[in-house]
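S.K.: Numbering (this note's numbering), first residue to last: 90 to 676. All C-beta atoms, glycine included, are put in the ideal place defined by N, C-alpha and C. On a predicted model such as this, the values are computed, not experimentally measured, just so you know. Pasting a structure here, questions to come.
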Amino acid sequence: MKKFLLTWYGITDFRASLGFENTEGPIAGALAAEAYSDVVVLCYTRIDEPADEAEAQASFDTALAAIHAAGQHQDWKVTGEFVSRFANTPAAHAHFANWLKGKVEAAGGQTDIWFKSEKLRELNDTEGIYACAMRALDFAAKASGEKLVTLYLSPGTPVMAFVWSLAALRYPDLKKRLIVSPVIGKPPEAISLPAEWLERHNASQTAARGVTDGFDVTFHLFGEQRMPSLLGIRQFESKKHVFVNSKEYPATCIKAFLDGRPFEELPVSPWDARAVHEKILHHAKPFAANARIGINLTGGTKMMFTGALSAARALGAVPFYFDSRNRRVTYVDSHFQETVRPIDSVEDFLLLNGDGLKVAERGVPSALPVDRHRLTDMLWKNHTKIARCYRKLREWNDAFKPFVFENEHFYFELRKDASAVVRGFGLDLRFQHWPDFAKYLTGGWFEEYVYAQFKPYADKGVIKDLRINVRLQLDHERAPERLRADSASYNELDVVFTDGYSLYIVECKAGDVTQEQVMKLQNLVRFYGGVEGRGILASCFPPSTDAVRKKVADARLSLCSGKWFPEQLDALMLGIAERTQSMRSAA
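What follows is the structure in structure tokens.
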């Protein structure tokens, strides 16, 4: 029979391997106390790891040797600085792996040790840790023959230990046990999960298997992020929806998606878990004894989550959680997962987050004449030359006014009958009716160019619902009272699309890019796209200053600019396609 040990390694293990501790650390101690055929060690890796691993390893070795040469290996301050500098890096992992393998070989053991580097958003990235634990359990579960899997809870953070316990519930047929080291230097001890927890888990697994039939009532935790509630509405059929929210975040924007089904709000204090628990239970008292109840835990505060989860247990409801990062809905008690249903309409995102705005112009263009495409392509190929003309051409932007513009490269004319003439770079074109010709020449052409570059990816299904020049304005019937006096047009989105899970907003800049423009795009993405929104800055010219480049990076915007535009766009679309494919493969 194969015996697996699955564990994270932590700071105590790392310090022991460096010779900074008087013990061998939890993992080496466990291997000395009991023989295992296979050991899987998960290694948390910081996302800011150095690019040159060989140089980092050399720095690691040099600094460690200097500490021991100076006899400072028991100096907590010195060793602490070393650990802070190198812990959770590839150099640290390589050192620990060699040290642990050396320990096993010196003891004459026949153990295969697998080290798996795992990048996390932060040390207590619960979703990331859970995914890593599931991969390790999958690895052990797929091994042939009879096996015993031991999950070691002591190394790593408390969250890592807690997640091992949760992950173990996903494998009811796998022979496994949990061990801990309650006293440093003593062999680990076996522990068990509480019987009541296991009973609830088994009952919840049975209930969760029937969620395809939907619910009679669904409670949604509703807060600053609105998308989780919409995902819950789209994922499950429900006769009635109740939105658990605070006064600060009214849920009225969701009514538009309920198709006339009952809508209720349940006001709570977002910081009082007990009150949330009691209010949900009180609200559910009139329900039939056999009512199927779902509770969407994704929105709201952590205290709301805690109170709603306990209410779900008391009601025998099915609590579920949307992991938008991995596009999965997880049934919290059973840990069954399924793929989140996509939202393919750009207008759904805008309607959800618009706060009283409506789509005044949908941005679905009719087919443009071939000559207009030829002109747009010519301007892109000569964008440096046309950019020098913007200042003069802008004089005719604001209102229809005939004009003639001519230089050594271009001839542009807008006549009294609103027809337009273009000559230059081999083109001699005439357009019958083009009153906003000047606006096109001073930047509108680039929006059309960008749209045309995205269009083939929409045709292939990589992206969905591609729009151009979507204009939003106040909806006086839906807008809050404080906004109704303002009849101005609010925002125009140059190019916008979705991949089914995130809203992508593209800001097109035919001239130089400023910090203010970057901030504008960042705000649009945050407002209309929510936490999973994505921003793309498309520009004829790369940002010209370090300050603007830093602002783009800090705002986590994708950049397609200058001569690198085609390659950067291809890379962006490839990333979207690969992410979608990986999610489908994991389903």
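Considering just the uninterrupted stretch of the alpha helix (DSSP H) at Thr101, what are its terminal residues?
M.R.: Position 12 of the sequence shown, counted from the first residue, corresponds to residue 101. Run containing Thr101: Ile100 to Leu107, per the alpha helix (DSSP H) assignment.
S.K.: Going by CA-CA distance only, name the one from Val511, Val238, Asp517 and Leu516 that's closest to Trp523.
M.R.: For the purposes of this step, residue 523 is taken as the residue at position 434 of the sequence shown. The residue with the shortest Cα to Cα distance from Trp523 is Val511.
S.K.: If you run the structure through DSSP and keep just helix, strand and coil, what is Ala460?
M.R.: Counting from one through the sequence shown, the residue named residue 460 turns up at place 371. Checking the displayed sequence, the identity of residue 460 turns out to be Asp instead of Ala. In the structure shown, Asp460 sits in a helix (DSSP, three-state: H, G or I).
S.K.: Is Cys478 helix, strand or coil when you go by DSSP?
M.R.: Within the sequence shown, the letter at position 389 stands for residue 478. The answer is coil: DSSP assigns Cys478 none of H, G, I, E or B.
S.K.: For the stretch 509–558, which segments carrying the alpha helix (DSSP H) assignment without a break, of at least 4 residues, lie completely within its bounds, in sequence order?
M.R.: Runs found: 534–548.
S.K.: Exposed or buried, which one is Ala660 when buried takes at least 16 other CB atoms within 10 Å?
M.R.: The residue labelled residue 660 in the question sits at position 571 within the sequence shown. Exposed is the call here.
S.K.: Counting Cβ pairs, one atom from each stretch, are 3 or more of them under 8 Å apart for the stretch 434–442 and the stretch 400–407?
M.R.: Verdict: no, contact absent.
S.K.: Assuming Asp127 and Gly114 form a contact by the criterion Cβ under 8 Å, report the distance between their Cβ atoms to the nearest whole angstrom.
M.R.: Stepping through the sequence shown from its first residue, residue 127 is reached at position 38. Stepping through the sequence shown from its first residue, residue 114 is reached at position 25. Going by Cβ atoms, the distance from Asp127 to Gly114 rounds to 19 Å, so no, they are not a contact pair.
S.K.: Could you say which of Thr465, Trp469, Ala183 and Gln161 lies nearest to Leu518 if we only look at CA atoms?
M.R.: Numbered from 1 along the sequence shown, position 429 holds the residue referred to as residue 518. Selected option, being the one with the closest Cα: Thr465.
S.K.: Would you say Val448 and Val607 are within 8 Å of each other, going by their C-beta atoms?
M.R.: Here residue 448 refers to the residue found at position 359 when the sequence shown is read from its first residue. Here residue 607 refers to the residue found at position 518 when the sequence shown is read from its first residue. Cβ atoms of Val448 and Val607: not closer than 8 Å.
S.K.: Assuming contact is defined by CB atoms lying nearer than 8 Å, are Glu354 and Ala340 in contact in what I supplied?
M.R.: For the purposes of this step, residue 354 is taken as the residue at position 265 of the sequence shown. For the purposes of this step, residue 340 is taken as the residue at position 251 of the sequence shown. Cβ distance < 8 Å, so Glu354 and Ala340 count as in contact.
S.K.: Can you look up His330 in the DSSP assignment and give me helix, strand or coil?
M.R.: Taking the sequence shown and counting its residues from 1, the one referred to as residue 330 is at position 241. Of the three classes helix, strand and coil, the one that applies to His330 here is strand, per DSSP.
S.K.: Hey, Pro359 and Thr395: beta-carbon distance below 8 Å or not?
M.R.: Sequence index remark: in the sequence shown, residue 359 carries index 270 (1-based). Sequence index remark: in the sequence shown, residue 395 carries index 306 (1-based). It is not a contact, given that the beta carbons lie outside the stated cut-off.
S.K.: If Ala145 and Ala180 are in contact, beta carbons under 8 Å, what's the gap, nearest whole angstrom?
M.R.: Reading the sequence shown from its first residue, position 56 is the one you call residue 145. Reading the sequence shown from its first residue, position 91 is the one you call residue 180. Indeed they touch by this definition, with Cβ atoms about 5 Å apart.
S.K.: First and last residue of the beta strand (DSSP E) that includes Tyr420?
M.R.: For the purposes of this step, residue 420 is taken as residue 331 along the sequence shown, with counting starting at 1. From DSSP, the beta strand (DSSP E) with Tyr420 extends over Arg417 to Tyr420.
S.K.: From Val677 to Phe109, what distance separates their C-alpha atoms?
M.R.: Look at the range of the chain in this structure, 90 to 676, and you will see that residue 677 is not part of it.
S.K.: Start and end of the alpha helix (DSSP H) containing Pro247?
M.R.: Here residue 247 refers to the residue found at position 158 of the sequence shown. Note, Pro247: alpha helix (DSSP H), Pro247 to Ala257.
S.K.: Would you mind giving the Cβ-Cβ distance between Pro458 and Gly388, rounded to the nearest angstrom? I have them listed as a contact below 8 Å.
M.R.: Locating residue 458 in the sequence shown gives position 369, counting from the first residue. Locating residue 388 in the sequence shown gives position 299, counting from the first residue. The Cβ separation is near 47 Å, so there is no contact.
S.K.: Going along the chain, which unbroken runs of the alpha helix (DSSP H) with 4 or more residues stay wholly within the stretch 190–278?
M.R.: Those alpha helix (DSSP H) runs which fall completely within the stretch 190–278 and span 4+ residues are 215–230 and 247–257.
S.K.: Got a sec, what are the start and stop residues for the beta strand (DSSP E) Trp97 sits in?
M.R.: Locating residue 97 in the sequence shown gives position 8, counting from the first residue. Unbroken beta strand (DSSP E) run through Trp97: Lys91 to Trp97.
S.K.: Apart from the five residues on each side of it in sequence, which residues of its chain come closer than 6 Å, Cβ to Cβ, to Lys92?
M.R.: Residue mapping note: residue 92 aligns to position 3 of the sequence shown, counting from 1. Taken in chain order, the residues that qualify are Tyr125, Ser126 and Leu237.
S.K.: Cβ of Pro339 within 7 Å of any heavy atom in the ligand ADP?
M.R.: The ligand ADP is not among the ligands present in this structure, which contains no ligands whatsoever.
S.K.: Do three or more CB pairs link the stretch 526–539 to the stretch 419–437 at distances below 8 Å?
M.R.: No, because fewer than three Cβ pairs between the stretch 526–539 and the stretch 419–437 fall closer than 8 Å, the two stretches do not touch.
S.K.: Can you tell me whether DSSP reads Leu404 as helix, strand or coil?
M.R.: Within the sequence shown, the letter at position 315 stands for residue 404. Residue state, collapsed to three classes: helix.
S.K.: For the candidate residues Val331, Lys490 and Leu482, whose alpha-carbon lies nearest to that of Tyr500?
M.R.: Position 411 of the sequence shown, counted from the first residue, corresponds to residue 500. The residue with the shortest Cα to Cα distance from Tyr500 is Leu482.
S.K.: Can you tell me the Cα-Cα spacing of Tyr546 and Ile552, whole angstroms?
M.R.: Numbered from 1 along the sequence shown, position 457 holds the residue referred to as residue 546. Numbered from 1 along the sequence shown, position 463 holds the residue referred to as residue 552. Near 6 Å, if we compare the C-alpha coordinates of Ile552 and Tyr546.
S.K.: Residues in the same chain with beta-carbon distance under 6 Å from Asn580, minus the five sequence neighbours each way, listed in chain order, please.
M.R.: As a first step, residue 580 must be located in the sequence shown, where it is residue number 491. Leu561.
S.K.: For Ser413, which three-state DSSP category applies?
M.R.: Looking up residue 413 in the sequence shown gives position 324. If DSSP states are grouped into helix, strand and coil, Ser413 belongs with coil.
S.K.: Can you tell me whether DSSP reads Arg451 as helix, strand or coil?
M.R.: To locate residue 451, count along the sequence shown from 1; it is residue 362. Three-state result, Arg451: coil.
S.K.: How many Å lie between Phe251 and His184 at the Cα?
M.R.: One-based indexing of the sequence shown puts residue 251 at position 162. One-based indexing of the sequence shown puts residue 184 at position 95. Distance between the alpha carbons of Phe251 and His184: 27 Å.
S.K.: Would you mind stating whether Gly245 and Gly118 have Cβ atoms separated by less than 8 Å?
M.R.: Along the sequence shown, read from residue 1 onward, the residue named residue 245 stands at position 156. Along the sequence shown, read from residue 1 onward, the residue named residue 118 stands at position 29. It is not a contact, given that the beta carbons lie outside the stated cut-off.
S.K.: On the CB-based measure, 16 or more other CB atoms within 10 Å of its CB, does Leu610 come out buried or exposed?
M.R.: Taking the sequence shown and counting its residues from 1, one reaches residue 610 at position 521. Buried: at least 16 other Cβ atoms inside 10 Å.
S.K.: Bridge partners of Ala627, per DSSP?
M.R.: On the sequence shown, residue 627 is found 538 positions in, with the first residue counted as 1. Bridge partners of Ala627: Cys597 and Cys649.
S.K.: Indicate whether Arg414 and Glu216 have their beta-carbon atoms separated by less than 8 Å.
M.R.: As a working note, residue 414 is residue 325 in the sequence shown. As a working note, residue 216 is residue 127 in the sequence shown. In this structure, Glu216 lies closer than 8 Å to Arg414 by Cβ.
S.K.: Among Ile384, Leu663, Ser399 and Lys208, which residue has its Cα nearest to the Cα of Phe411?
M.R.: Here the question's residue 411 lines up with position 322 in the sequence shown. Residue Ile384 is the option with its Cα nearest to Phe411.
S.K.: Can you tell me whether Phe696 is helix, strand or coil according to DSSP?
M.R.: The question about residue 696 has no answer, for the chain in this structure spans 90 to 676.
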